[in-house]
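Last residue of the sequence shown: 83 in the numbering used here, with the numbers rising by one and none dropped. Glycine residues also receive a C-beta, built at the ideal position from the N, C-alpha and C atoms. Down below is the structure, laid out as structure tokens.
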Amino acid sequence: MEWQREAACADTADPELFFPVSTTGPGAKQVERARAVCRRCPVAAECADWARETGQSNGVWGGVAVERRRAVLAGPTAGR
Numbered sequence: 004m005e006w007q008r009e010a011a012c013a014d015t016a017d018p019e020l021f022f023p024v025s026t027t028g029p030g031a032k033q034v035e036r037a038r039a040v041c042r043r044c045p046v047a048a049e050c051a052d053w054a055r056e057t058g059q060s061n062g063v064w065g066g067v068a069v070e071r072r073r074a075v076l077a078g079p080t081a082g083r
């Protein structure tokens with residue numbers, strides 16, 4: 004996990020930014036602010052991969068919120 008040393012979020016004053024209580028209402032704005040940090044991150048892909056591989060159930064990792072990770076993990080037949 005050496006990629007964490009280069010993560011843009013390592014310099015963020017508020018680590019809670021990446022763990023919104025919800026993804027609707029004010030939480031949606033918080034998710035977008037977290038994603039803005041991730042967009043400038045040189046290791047966002049590694050971060051998102053790590054979150055998927057380790058089953059992170061909360062937070063924005065590599066610009067990917069939990070709902071999107073769940074959808075990716077569920078695959079194309081989810082909800083059928």
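Handout entry: C-alpha gap between G28 and E9, whole angstroms
Key = Their Cα atoms are separated by approximately 31 Å.
Exercise for the section: Figure out for me which residue from R72, C41, Q33 has the closest Cα to the Cα of R24. Expected result: Residue 24 is actually Val in this sequence, not Arg. Of the candidates R72, C41, Q33, the one whose C-alpha sits nearest the C-alpha of V24 is Q33.
Handout entry: Buried versus exposed, by CB contacts within 10 Å (16 or more), A68
Key = It counts as buried.
Practice task
Identify the continuous alpha helix (DSSP H) that holds A84 and give its terminal residues.
Solution key: No answer is possible for residue 84: it lies beyond the span of the chain, which begins at 4 and ends at 83.
Problem - CB contact flag (A3, F21, <8 Å) - result: Here the chain comprises residues numbered 4 to 83, so residue 3 is not present and cannot be evaluated.
Problem - Cut-off 7 Å between Cβ atoms - residues of its own chain near F51, not counting five sequence neighbours on either side - result: Residue identity differs from the one stated: residue 51 is Ala in this sequence, not Phe. Here the set comprises W64, G65, G66, V67.
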